[in-house]
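Take the position in the sequence shown, starting the count at 1, then add 1; the result is the number in my numbering.
Each residue gets a CB set at the ideal place from its N, CA and C atoms; glycine is no exception.
As the structure is a computational prediction, the values presented were derived from the model and not from experiment.
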Amino acid sequence: MRLELRQLEKSFGAAKALSGVSLSASAGAVHAVLGENGAGKSTLMKLLSGAEQPDAGELFLDGVAFRPKSPEAARTAGVSIVYQEPLFCADLSVRENILLGSEPRRGLFIDGKKSAEIAQRALSQVGVASSFGLETPLRQLSPADRQLVSIARALSNANCTVLILDEPTSALTGADTERLFEIVRRLASDGVTVLYISHFLEEVERIASEYTVLRDGRSVAAGRVADTTRGELVSLMAGRTVTELFPRSVRTPGDTALELRELSGRRLPQQANLKLLRGEVVGIAGLVGSGRTELLRAIYGLAPRAGGQVLVGGTSVRAAPVALSARKVGLLSEDRKGEGLAESLSIAENITLSGTSKLGPWGLALPAHSQQAATRWIAKLGVRCRGPEQRVRALSGGNQQKVALARLLDQDVDVLLLDEPTRGIDVGSRADIYRLIDELAVQGKAVLMVSSYMPELMGVCDRIAVMVRGRLGEARPVAELTEHALLLEATG
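Here you go:
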């Protein structure tokens with residue numbers, strides 16, 4: 002057995018993150034670690050990678066007791082990790098990022114020639130050796146290429162026998178995902194054990210041979226993927242039966258809530274025309290870089306407009322978030338850490354920050370009112386936390402996303418611009434958010450939704466428009482579309 006964990010426990014203050022996790026992964030296996038947000042997956046990976054220390058339990062690597070005191074110690078022992086949201090030094094080069102902290106030296110100086118050789122070999126393993134130069138500043142790369150560089154960094158460890166991939170496809174295109182799968186299969190065939198964390202069960206079915214399910218900080222099931230159905234995995238993760246992933250009530254489209262007329266940005270979008278009605282959900286499909294995010298940002302005024310108009314309720318609105326917010330339009334950013342949340346503030350403060358005028362008399366923001374409002378949304382969205390006063394930075398990624406969505410709901414916006422609303426969220430929580438979007442549409446809200454996940458668009462939306470090279474196509478009824486047709490159109 003390559004990796005064996007026995008009854009691991011870990012607490013952060015009064016909060017019990019892990020309370021009895023056991024896992025066994027074979028050499029050369031792709032082992033899926035599954036669980037909802039807050040189940041303990043990230044904490045477990047931090048223990049394996051040396052970022053945190055367990056309070057109790059045992060770890061064994063190739064039969065030898067393993068308890069890394071630091072990430073460097075874990076790498077030296079052969080454990081490398083690629084986090085869901087890897088940290089980069091954007092102003093450093095690709096080479097420097099790959100070798101950061103583990104640069105080969107010649108005396109007191111970094112060995113430049115050997116550094117280049119190691120970085121080039123690592124990039125070759127992920128199939129991007131000729132896509133960009135070693136000295137290219139990382140900030141010039143796309144999110145997908147940055148993710149591949151982070152994987153190359155992990156593989157630059159010549160001792161690597163255990164590779165941890167935490168949601169590795171969240172920023173990758175379909176083609177890059179296929180390339181990643183080839184890399185994972187090749188590594189497994191060479192004897193590397195891959196711990197694969199993903200909320201996309203179709204990925205798990207394709208790439209993993211073994212699985213362990215965590216729930217509420219405990220390991221609750223393990224086995225072979227081939228012997229288990231997708232429905233069984235969902236039930237094990239959620240602790241309940243998720244009977245309907247994409248609920249769809251009877252929706253009655255009403256008046257035009259949002260209209261785009263020849264909208265363009267400085268670079269993207271190039272042209273967008275659209276009518277979004279009250280009581281409907283319209284999806285925007287397209288490849289990474291097609292201009293989907295730029296379109297939402299141009300609508301909301303976070304990016305300058307080069308031309309065209311945005312009309313809300315028939316009235317043209319200037320390109321400024323304050324103007325759109327005043328007309329009850331809200332944006333959920335895909336970058337929740339960078340601009341969607343104030344991580345140092347509490348859940349209550351994040352949820353009510355934009356609507357403090359309604360929290361108390363004479364414009365006073367009373368903490369008791371803020372916590373009462375937050376408690377209501379915590380319960381409705383199923384945010385796993387200790388309470389409304391908990392800092393957002395202490396939440397898992399999926400629960401942070403729920404807090405960002407709760408902020409829009411607390412503002413009672415009429416038009417919701419949702420950019421990748423379920424990225425990094427588990428199956429059970431996705432079902433809850435899909436149900437919420439359906440409820441909002443039934444209430445007469447208008448939802449414009451960007452997603453890279455085609456089944457999500459097909460299951461949630463009434464109409465879908467495809468963005469290709471900055472141009473938005475006609476929004477057509479879902480009944481007239483297929484995933485295959487959408488992909489063909491997206492590739493131009």
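query, result
"Which class does Thr357 belong to by DSSP, given the choice of helix, strand or coil?", "Because the pLDDT at Thr357 is just 48, under 50, the model does not fix this residue reliably, and the point stays unresolved."
"Mind the definition here: the stretch 407–422 touches the stretch 323–334 only if three or more C-beta pairs lie below 8 angstroms; say whether that holds.", "yes"
"Taking all protein chains shown into account, do 16 or more other C-beta atoms lie within 10 angstroms of the C-beta of Phe13, making it buried, or fewer, making it exposed?", "exposed"
"Where does Gln85 fall in DSSP's three states?", "coil"
"Given a cut-off of 8 angstroms on the beta-carbon distance, is the pair Leu275 and Ala466 in contact?", "yes"
"What are the start and end residues of each continuous alpha helix (DSSP H) run of 4 or more residues lying completely inside the stretch 411–487, in chain order?", "428–443 and 455–461"
"Would you mind stating whether Ile313 and Leu237 have Cβ atoms separated by less than 8 angstroms?", "What sits at residue 313 in the sequence shown is Val, not Ile. It is not a contact, given that the beta carbons lie outside the stated cut-off."
"Going straight from the alpha carbon of Ala343 to that of Ser397, what length do you get?", "14 angstroms"
"Hey, out of Leu173, Gln401 and Val311, whose CA is closest to Phe339's CA?", "First, the amino acid is wrong: residue 339 is Gly here, not Phe. Ranking Leu173, Gln401 and Val311 by Cα distance to Gly339 puts Gln401 first."
"Straight-line CA distance for Leu100 to Phe89?", "12 angstroms"
"So is Ser358 buried or exposed if we call it buried at 16+ other beta carbons inside 10 Å?", "Interpretation of Ser358 is limited by its pLDDT of 45, a score under 50 that renders its predicted location unreliable; no figure is taken from the coordinates."
"So, with DSSP's three-state summary, where would you put Ser71?", "coil"
"Just to confirm my understanding: we take Ala1, look at its own chain, exclude 5 residues before and 5 after, and list those with CB closer than 6 angstroms. What are they?", "Because the chain is modelled from 2 through 493, residue 1 falls outside the range shown and cannot be assessed."
"For Glu104 and Gly315, I'd like the C-alpha separation in whole angstroms.", "59 angstroms"
"Between the Cα of Ala307 and the Cα atoms of Ser291, Thr423, Gln272 and Ile285, which residue gives the shortest distance?", "Gln272"
"How many angstroms separate the CA atom of Leu202 from the CA atom of Leu196?", "14 angstroms"
"Taking 8 angstroms as the cut-off, decide whether the C-beta atoms of Val163 and Thr194 are in contact.", "yes"
"Can you confirm whether the stretch 180–192 touches the stretch 108–119 when touching is taken to mean that 3 or more C-beta pairs between the two stretches lie within less than 8 angstroms?", "no"
"Which same chain residues, not among the five before or five after Ala320, have their C-beta less than 6 angstroms away from its C-beta?", "Gly302 and Arg306"
"Measuring straight from C-alpha to C-alpha, what distance separates Ala155 and Gly474?", "40 angstroms"
"State the Cα-Cα distance for the pair Asp439 and Val461, rounded to the nearest angstrom.", "8 angstroms"
"What residue range does the alpha helix (DSSP H) around Ala222 cover?", "Ala222 -> not in any alpha helix (DSSP H); beta strand (DSSP E) instead, spanning Arg219 to Arg225."
"Going by the beta-carbon positions, is the gap between Leu49 and Lys11 smaller than 8 angstroms?", "no"
"Taking contact to mean at least 3 C-beta pairs separated by less than 8 angstroms, is the stretch 49–69 in contact with the stretch 205–223?", "no"
"How do the stretch 244–256 and the stretch 74–93 stand: do at least 3 beta-carbon pairs fall below 8 angstroms, yes or no?", "no"
"Quick one, which of Pro138, Tyr84, Gly29 and Thr423 has its alpha-carbon nearest Ile184's?", "Gly29"
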